[in-house]
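Everything on this sheet refers to the single structure shown next.
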Amino acid sequence: MMENLLPILALATLGSVAGLAGGLFLLSKKGWSKHISVHAIPFAAGVMLAVSLLDLLPEAIEESSAATVLPIVLVVIVAAFFFEQFFMHIHHHEEHKRTTLKSSMPIVVAGDTIHNFIDGMVIAAAYLVEPTLGVVVALATFLHEIPHEMGDFGLMLKAGWKKSKIIMVNIVSAMATYLGAILVVVFAVSIEANLSILLAVAGGLFLYIATSDLLPEVHEEHKDSPWHQAGLLLAGVFLIWIIGQTLPHG
């Protein structure tokens, strides 16, 4: 299993650290961030829907059974809903006093760190089951991380954080991706029987993010160009389908 460590770490870099870098770059280009998000969000939604429904969940069911996988997906979606409600309560304070928002930042950073840790575990688990699956999961994570990081950076700026502090905190938080990936590789033999559970969790999370976060934002923010957004959504789905058809499978 250890021979898989380097490619898994490379995919973790693509999935989280490259997404962080992309978010930082776009945040520095104020005129670009809004323009890029118009294209990135529906495309990322299509990618995450396809990865969940065409790759992660079918693979999890193949490794286990639908009777095992589908209840896990349901639990993950419900848990993600409650978790997000907690953080939405924090985000609603961004229009209130800066001191109130500033006091909430440690919780936001902790949530991001946990999110990155899970990303690393999911990328590693997907790669161990099927290298091609690891690639598409890392790609989906990357596409989601860019708008996600842009939102978090904006929140931290509103809280009065300096850019240097924002960069440093987010780099440290992104390192949790490597920790999650390494943990799965080191204990791969012990958790091999549970890889299908990790895939089911990942599939549920991707499905929730696409349908609860990304698609509603497309509806809310980009009402003027529905066909353009639909085309980008389908392009994301098509990309994952093409990758699945062309990349070699183990």
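Note that the numbering used here has the sequence shown beginning at 4, numbered continuously upward.
Note that the Cβ used here is the ideal one computed from N, Cα and C, for glycine as well.
Endpoints, the alpha helix (DSSP H) within which L146 is located: In the sequence shown, residue 146 corresponds to position 143, counting from 1. Element bounds for L146: 134-161.
Tell me which same chain residues have a C-beta within less than 8 Å of the C-beta of A43, skipping the five on either side of it? By one-based count along the sequence shown, residue 43 stands at place 40. Answer for A43: L146, I149, P150, listed in chain order.
Looking at G206 and V76, is the spacing between their C-beta atoms short of 9 Å? Along the sequence shown, read from residue 1 onward, the residue named residue 76 stands at position 73. Along the sequence shown, read from residue 1 onward, the residue named residue 206 stands at position 203. It is a contact, given that the beta carbons lie within the stated cut-off.
Alpha-carbon spacing of A238 relative to K165, whole angstroms: Counting from 1 along the sequence shown, the entry for residue 238 is found at position 235. Counting from 1 along the sequence shown, the entry for residue 165 is found at position 162. Taking the straight line from one Cα to the other gives about 37 Å.
Using three-state DSSP, classify S228 as helix, strand or coil. By 1-based counting over the sequence shown, the position of residue 228 is 225. In the structure shown, S228 sits in coil (DSSP, three-state: anything other than H, G, I, E or B).
With burial defined as no fewer than 16 other Cβ atoms inside 10 Å of the residue's Cβ, what is the status of E223: buried or exposed? Within the sequence shown, residue 223 is the residue found at index 220, counting from 1. So E223 ends up on the exposed side.
Which word fits E66, buried or exposed, when buried means at least 16 other C-beta atoms lie within 10 angstroms of its C-beta? To locate residue 66, count along the sequence shown from 1; it is residue 63. Buried, since its Cβ has 16 or more Cβ neighbours within 10 Å.
Helix, strand or coil for S215, going by three-state DSSP, please let me know. In the sequence shown, the residue the question calls residue 215 occupies position 212. Helix at S215.
Coarse secondary structure for S199, derived from DSSP in three states: Here residue 199 refers to the residue found at position 196 when the sequence shown is read from its first residue. DSSP places S199 in helix when its eight states are reduced to three.
Taking the continuous alpha helix (DSSP H) assigned at N173, which residues delimit it? As a position in the sequence shown, residue 173 is number 170, starting the count at 1. 166-189 is the extent of the alpha helix (DSSP H) around N173.
Helix, strand or coil at S193 according to DSSP, with G and I counted as helix: Sequence index remark: in the sequence shown, residue 193 carries index 190 (1-based). S193: helix per DSSP, three-state reduction.
Does the separation of the CB atoms of L300 and L198 fall below 9 Å? A question about residue 300 goes unanswered here, because the residues of the chain that appear run from 4 up to 253.
I'd like to know if the region 11-29 and the region 200-218 are in contact, where contact means that at least 3 CB-CB pairs between them fall below 8 Å. no
Where does S19 fall in DSSP's three states? If you number the sequence shown from 1, residue 19 lands on position 16. Of the three classes helix, strand and coil, the one that applies to S19 here is helix, per DSSP.
Taking 8 Å as the cut-off, is the CB of V111 close to at least one heavy atom of the ligand COA? Among the components modelled here there is no ligand, and therefore nothing to report on the ligand COA.
Pick from L136, D115, E62: whose alpha carbon is nearest that of P10? Looking up residue 10 in the sequence shown gives position 7. Of the listed residues, the one whose Cα sits closest to P10 is L136.
Ends of the alpha helix (DSSP H) at L60? As a working mapping, residue 60 is identified with position 57 in the sequence shown. Segment 60-66, the alpha helix (DSSP H) holding L60.
Assuming A177 and V20 form a contact by the criterion Cβ under 8 Å, report the distance between their Cβ atoms to the nearest whole angstrom. Within the sequence shown, the letter at position 174 stands for residue 177. Within the sequence shown, the letter at position 17 stands for residue 20. Indeed they touch by this definition, with Cβ atoms about 5 Å apart.
With the cut-off set at 9 Å, would you say F120 and G183 are in Cβ contact? By 1-based counting over the sequence shown, the position of residue 120 is 117. By 1-based counting over the sequence shown, the position of residue 183 is 180. Yes, the pair counts as a contact, with Cβ atoms nearer than the cut-off.
For F241, which option in A143, Y211, S215 has the closest C-alpha, if you only look at C-alpha atoms? Locating residue 241 in the sequence shown gives position 238, counting from the first residue. For the residues A143, Y211, S215, the minimum Cα distance to F241 belongs to A143.
Less than 6 Å between C-beta atoms, sequence neighbours within five positions excluded: which residues of the same chain meet that for D58? For the purposes of this step, residue 58 is taken as the residue at position 55 of the sequence shown. Excluding positions up to five away in sequence, the list reads L136, V139.
Going along the chain, which residues of its own chain have a beta-carbon closer than 7 Å to the beta-carbon of L208, five neighbours each way excluded? One-based indexing of the sequence shown puts residue 208 at position 205. Cβ neighbours of L208 beyond the five flanking positions: V79, A83.
With the cut-off set at 9 Å, would you say L8 and V188 are in Cβ contact? As a working note, residue 8 is residue 5 in the sequence shown. As a working note, residue 188 is residue 185 in the sequence shown. Yes.
Quick check on the burial criterion: 16 or more other C-beta atoms within 10 angstroms. Buried or exposed for P45? The residue you call residue 45 lines up with position 42 of the sequence shown. By the 10 Å Cβ count, P45 comes out buried.
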